[in-house]
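Since the structure comes first, as structure tokens, the remarks are kept for the end.
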Amino acid sequence: MQFTVAFYVCIALLGAVLITGARRRPADDMAFFDRISVKEIQGAIALFIIFHQTVVALDAVYENCGDMEFFYYYGILAVAFFFFSSGFGLMKRWKTDENYIKGFMRRRIFTVLVPFFICNYIYLTDALLSNIAFRKHFGFGEVICSFFGIFLVNNEMWFAVEIMILYVTFRLVFAKIRKPAAGIVIMTLVVLVMITIGLFSGHANTGVMSYWFKGEWWYNTVFMFPVGMLYACKEERINKVIKKAFASILIASSVLFVLMDYVHRCLIEESIYYTDYFDSPNPLLDKLFGLGQETLFELVFLLLVVTIMSRVRIGNPVIKFFGKISLEMIMLNYLLIDKLYFLYIEFGILVYLPAVVVGTILCASVIYVIKNIVLEKRSGLFDGKVT
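The sequence shown lines up with residues 196 to 582 when you count with this note's numbering.
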């Protein structure tokens, strides 16, 4: 019963965050994806990811999450949107700002690098203290690798690592290339290499601690990054088609989404990425099949989102605030899930989950302020600017 109540509260909260302040997009507005709208959607998705990761963590200890299992299945769509919007944003700014590459390191790479290492050292400190408390051995080599971020004390930090790799690659490629098509091809090839590395890397044997590219989450959403770049290049043409055939595209993408969702749930139930543990004759083919289906699922989802955005503009102070701290929320989420687990044991999900959400938002806000002070000598938390 508690999980049923928690599920409807979560859905109501997400709905309120998205719908409050929403309005019809003017007929002559052909820019469905602007920086402010994208950041705001990322804020709502960061909140969704908290729910998703909480359910994943509870599933890992064999808790029956009831209706909350809903959030288990759509984490990939949330992350796919982050990659898609990141690729779109970089390409859009590069096309419209001839000096964009000059300040790219500080504006993009350092804004991820600084909070990554802050969060990384928080996780490392916690791991070392836990080692002392439980008299476990944390090897010197692991400490050194963790200090430099090569070894992830918490694997939920993977997204920051991967987005930094993509940002650095983008900086190197588009500092030299003048034609966007060539740059997108190179970025796509780099992403395909990352996917290949992930496919052959398998899973970590150390729980949440692992080296890079251990686990399917490293590669089953990253292809949306060059897709976002392609959309930025063809935005005007694609948006005209969506405007003209809005009803048909909305219906078709909705139907496809339902079908893809059903297939995806079946694949998860079959543990498609873990068949090498079940003596499958072709585990690599199983993983490729899962990757192919999830890629189609993500494309359909993004088409549906863009189609809806062609008619609706969202925006309110809460979602804008969440958008600012979305990266920090994603990176710090697991810390609160772990450290507040005693609340779940003592009081159940209706106390535990709100505590995780509030704790994550507070901690993320602090890290965001520290990041901005380090980079810009201002807190930036309430100044209304989108970074």
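All C-beta atoms in this analysis are idealised placements derived from N, C-alpha and C, irrespective of residue type, glycine included.
With H, G and I counted as helix, E and B as strand and the rest as coil, what does DSSP make of residue i?
i, result
"Ser280", "helix"
"Ser405", "strand"
"Phe346", "strand"
"Arg220", "coil"
"Asp456", "helix"
"Ile390", "helix"
"Gly294", "Per the sequence presented here, residue 294 reads as Asn, with Gly not at that position. Here Asn294 sits in coil by DSSP."
"Ala275", "helix"
"Ser475", "coil"
"Gly261", "helix"
"Val417", "coil"
"Arg373", "coil"
"Phe312", "helix"
"Gly543", "coil"
"Phe537", "helix"
"Ala322", "helix"
"Tyr268", "coil"
"Glu465", "coil"
"Ala226", "coil"
"Met424", "helix"
"Gly410", "coil"
"Met196", "coil"
"Gly334", "coil"
Taking all protein chains shown into account, do 16 or more other C-beta atoms lie within 10 angstroms of the C-beta of residue i, making it buried, or fewer, making it exposed?
i, result
"Ala226", "exposed"
"Glu571", "exposed"
"Asn434", "buried"
"Gly298", "exposed"
"Lys234", "buried"
"Asp608", "Residue coverage of the chain in this structure runs from 196 to 582, which leaves residue 608 outside it and unanswerable."
"Pro476", "exposed"
"Ala355", "buried"
"Glu523", "buried"
"Ala239", "buried"
"Met526", "buried"
"Cys461", "exposed"
"Ala222", "exposed"
"Leu535", "buried"
"Arg303", "buried"
"Val256", "exposed"
"Ser443", "exposed"
"Glu431", "exposed"
"Val388", "exposed"
"Met196", "exposed"
"Ala211", "exposed"
"Glu489", "buried"
"Asn294", "exposed"
"Gly334", "exposed"
"Ser325", "exposed"
Along the chain, where does the alpha helix (DSSP H) containing residue i start, and where does it finish?
i, result
"Asp611", "This structure leaves residue 611 out entirely; the chain is present only between 196 and 582."
"Asp171", "The structure shown does not extend to residue 171, since the chain is modelled only from 196 through 582, so no value can be given for it."
"Asp533", "521 to 534"
"His398", "Neither: His398 is in no alpha helix (DSSP H) and is coded neither H nor E."
"Arg432", "430 to 439"
"Arg366", "353 to 369"
Just list the residues that DSSP pairs residue i with in beta bridges.
i, result
"Arg301", "Per DSSP, none; premise fails for Arg301."
"Val551", "DSSP, once it has assigned bridges, lists no residue as partnering Val551."
"Arg508", "Arg218"
Does the ligand ATP have a heavy atom nearer than 6 Å to the CB of residue i?
i, result
"Ala550", "Among the ligands in the structure shown, none appear at all, so the ligand ATP cannot be discussed."
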